[in-house]
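Working notes, beginning with the structure itself.
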Amino acid sequence: MKKMVIRGGRQLSGEVTIGGAKNSTVALIPAAILADTPVRLDSVPDILDVHNLMIILESMNVHSTFKDGVMEIDPTNIIESALPSRAIKSLRASYYFMGALLGRFKRATVSFPGGDNIGSRPIDQHIKGFKALGATVNEKNDSVYITTDTHELHGAHIFLDVVSVGATINVILAAVKAHGQTTIENAAREPEIIDLVSFLNSLGAKIRGAGTDVIRIEGVDSLRSNATHTIIPDRIEAGTYLSLAASVGDGIQINNIIPEHLESFNSKLLELGVDLQVGDDSIYVPKTKNLHPIEIKTNPFPGFATDLQQPITPALMKADGSSVIIDSIYPKRIKHISQLQKMGANVRVENDIIIVDHTDELHGATVEAGEIRAGAALMIAGLMANGTTIIQKAENILRGYDRIVYKLKQLGADIKIVSDETEKVK
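Residue numbering for the sequence shown is 1 to 426, as defined by UniProt numbering.
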């Protein structure tokens, strides 16, 4: 286990460059096994989830390399094999191998995924989609067994009962090589889905409608790569640094972003009283003052992202009144609240509604990162706090943020990662 040690109370300044989108990457890597040729991805974030996905690829005899943001994946000698349960259970997005394996082999066996525990996240819509394509799905002994009687999948009309990014992606992966046309209605519209479809289409897939709520897929027989795919910038990482800049910044510029992907988030920062100087692919945030309370409600894209309700919480503590956060997607995403209270934060939860009151001062404490975005909130709070903050289970932060310690040090933070076993700085 690792701990993040932060000596807070100093203002941060400078520039930070955003990496490739985690939520794209964890779909693109499983998608690569659908190709009949090697695949090359650029702007891959250096996060633990990527390294765990490489372990899963290796178990299928899929060779991969990763250096300086470039990943090469060669699925030409792929074999069907049991996937390593430890790696599968370490990240939620491992469930994309269900759709990818089903698309490649017309069958799949995958352990139930792990990842962040942020409340109920069922896979019933994924299963509904697989069944519509002609698969049989059985759940037994913490695994999902997906088979086809005829060793083929057929196009189908699928209406998702709820807007689900995961189900939308998994159905796309399964349907891209199915016979005939598949239509997904009530599809998720996230930029990461557009990125995935852009990648698949570059391989020869025939997919239309990504970014709308209706996606149409005409099945193809083969997918072949002839170019490098550059992953879009991570809007959640960008939003986290924007929150950090509003909370503890003395002039921070965030580079390599797509402002259009952050419109709902930025509108709330402006309402809060944060000065945003938006460029074509960057945003500069000067030192903030005189912040005002706001109300936030999360919604599917293009609404306010659930992944950003926790990172923005420390900035709300600086407002001159009570702010309210309602997470309509994951109401139980509140692991950060009790930990922030240990640091002196005036925050509480009432009937799944987060209430953030003005907090004059935070103090260092030992807290626990229960999941990625909760960890990000605690990290920002630790940078604001007087004294030393120790964040246990720091792996959860490292799972989702590209070279986070290096980037924060570049802004002037006093921060390090320490191993429980050796107490040696990594």
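By construction, the Cβ of each residue, glycine as well, lies at the ideal position given by its N, Cα and C atoms.
Quick caveat, the model's predicted, so the values are computed rather than measured.
Selected residue, minimal CA-CA separation from residue i, among the options
{"i": "Ala205", "options": "Leu196, Thr212 and Gly211", "result": "Leu196"}
{"i": "Gly8", "options": "Ala246, Ala413 and Val418", "result": "Ala413"}
{"i": "Tyr401", "options": "Val62, Glu192, Pro233 and Thr76", "result": "Pro233"}
{"i": "Lys407", "options": "Ile294, Glu80, Thr230 and Tyr241", "result": "Tyr241"}
{"i": "Leu269", "options": "Pro311, Asn299 and His229", "result": "Pro311"}
{"i": "Lys128", "options": "Glu361, Glu152, Asn226 and Met98", "result": "Met98"}
{"i": "Ser143", "options": "Ser225, Ala369, Leu83 and Asp49", "result": "Leu83"}
{"i": "His51", "options": "Val405, Gln410 and Arg399", "result": "Arg399"}
{"i": "Thr148", "options": "Asn256, Lys106 and Asp357", "result": "Lys106"}
{"i": "Leu262", "options": "Asn346, Glu237 and Leu133", "result": "Glu237"}
{"i": "Leu223", "options": "Val16, Lys318 and Ser202", "result": "Ser202"}
{"i": "Leu340", "options": "Met384, Ser43, Asp320 and Gln181", "result": "Met384"}
{"i": "Ala394", "options": "Phe265, Ser81, Ile417 and Leu244", "result": "Ile417"}
{"i": "Thr212", "options": "Ser247, Val165, Thr313 and His179", "result": "Val165"}
{"i": "Arg86", "options": "Phe66, Phe112 and Tyr96", "result": "Phe112"}
{"i": "Phe265", "options": "Leu291, Gln309, Gly279 and Ile231", "result": "Gln309"}
{"i": "Thr150", "options": "Val274, Thr136 and Lys342", "result": "Thr136"}
{"i": "Leu57", "options": "Ser94, Asp36 and Lys22", "result": "Ser94"}
{"i": "His363", "options": "Val349, Phe199 and Leu378", "result": "Leu378"}
{"i": "His179", "options": "Gly273, Ala374, Glu152 and Leu48", "result": "Glu152"}
{"i": "Gly134", "options": "Gly303, His154 and Ile123", "result": "His154"}
{"i": "Ile146", "options": "Ile326, Leu272, Thr389 and His126", "result": "His126"}
{"i": "Ser198", "options": "Ile404, Ile6, Leu12 and Ala32", "result": "Ala32"}
{"i": "Ala35", "options": "Arg10, Asp74, Asn23 and Gly19", "result": "Asp74"}
{"i": "Leu101", "options": "Ser64, Glu72 and Met60", "result": "Met60"}
Buried or exposed (CB count within 10 angstroms, at least 16 for buried), residue i
{"i": "Val367", "result": "buried"}
{"i": "Gln277", "result": "exposed"}
{"i": "Val26", "result": "buried"}
{"i": "Asn77", "result": "exposed"}
{"i": "Leu91", "result": "buried"}
{"i": "residue 510", "result": "Beyond the ends of the chain as shown, which are 1 and 426, falls residue 510; an answer cannot be given."}
{"i": "Ser419", "result": "exposed"}
{"i": "Ile397", "result": "buried"}
{"i": "Asn351", "result": "exposed"}
{"i": "Asn138", "result": "exposed"}
{"i": "Thr306", "result": "buried"}
{"i": "Lys289", "result": "exposed"}
{"i": "Ile79", "result": "exposed"}
{"i": "residue 436", "result": "This structure does not reach residue 436, given that the chain is present from 1 up to 426, and the question cannot be answered."}
{"i": "Asn226", "result": "exposed"}
{"i": "Met1", "result": "exposed"}
{"i": "Glu371", "result": "buried"}
{"i": "Glu190", "result": "buried"}
{"i": "Asp161", "result": "exposed"}
{"i": "Ser267", "result": "exposed"}
{"i": "Val214", "result": "exposed"}
{"i": "Gly279", "result": "exposed"}
{"i": "Asp49", "result": "buried"}
Residue i - DSSP class collapsed to helix/strand/coil
{"i": "Gly115", "result": "Confidence is the limiting factor: at Gly115 the pLDDT is only 49, short of 50, which leaves the residue's position unreliable, though a coordinate-based value still follows. Gly115 falls in the coil class under three-state DSSP."}
{"i": "Ala238", "result": "helix"}
{"i": "Lys426", "result": "The predicted position of Lys426 is uncertain, since its pLDDT is 38 and thus under 50; a value taken from the coordinates is nonetheless stated next. Coil, per DSSP."}
{"i": "Val220", "result": "coil"}
{"i": "Tyr406", "result": "helix"}
{"i": "His157", "result": "strand"}
{"i": "Asp414", "result": "strand"}
{"i": "Lys3", "result": "strand"}
{"i": "Ser328", "result": "coil"}
{"i": "Ser419", "result": "strand"}
{"i": "Tyr95", "result": "helix"}
{"i": "Arg86", "result": "helix"}
{"i": "Ser120", "result": "In this prediction, Ser120 scores a pLDDT of 49, lower than 50, which makes its location untrustworthy; the coordinate-derived value is nonetheless stated afterwards. Three-state DSSP puts Ser120 in coil, outside helix and strand."}
{"i": "Gly14", "result": "strand"}
{"i": "Thr313", "result": "helix"}
{"i": "Phe130", "result": "helix"}
{"i": "Asn138", "result": "strand"}
{"i": "His151", "result": "coil"}
{"i": "Gly20", "result": "strand"}
{"i": "Phe105", "result": "helix"}
Inter-residue CB distance, residue i and residue j (contact presumed, cutoff 8 Å)
{"i": "Leu173", "j": "Pro30", "result": "7 Å"}
{"i": "Met4", "j": "Ile391", "result": "4 Å"}
{"i": "Val16", "j": "Val44", "result": "Contact flag wrong, Cβ pair sits at about 18 Å."}
{"i": "Asn299", "j": "Ser328", "result": "6 Å"}
{"i": "Pro293", "j": "Ala315", "result": "In fact, because the Cβ distance is near 11 Å, the residues do not count as touching under 8 Å."}
{"i": "Val354", "j": "Ile334", "result": "One detail in the question is off: residue 354 reads as Ile in this sequence, not Val. Contact holds; Cβ gap of about 6 Å."}
{"i": "Ala175", "j": "Ile193", "result": "Rounded, the Cβ-Cβ distance is 13 Å, inconsistent with contact."}
{"i": "Gln181", "j": "Ile217", "result": "7 Å"}
{"i": "Ser323", "j": "Glu361", "result": "Not confirmed; about 18 Å, so no contact."}
{"i": "Leu291", "j": "Gly303", "result": "Between Gly303 and Leu291 the Cβ distance is about 22 Å, and since that is not below 8 Å, they are no contact."}
{"i": "Val163", "j": "Ala188", "result": "5 Å"}
| task | Go through the segment 356-396 residue by residue and report every complete run of the alpha helix (DSSP H) that reaches 4 residues or more, in order. | result | 372-384
| task | Run through the segment 28-68 for me and flag every whole beta strand (DSSP E) of 3 or more residues, listed as ranges in chain order. | result | 39-42 and 63-67
| task | Mind listing, in chain order, the continuous alpha helix (DSSP H) runs of no fewer than 4 residues lying wholly within the segment 156-186? | result | 165-175
| alpha helix (DSSP H) segments (min. 4 residues) lying fully within the segment 231-293 | 235-248 and 263-272
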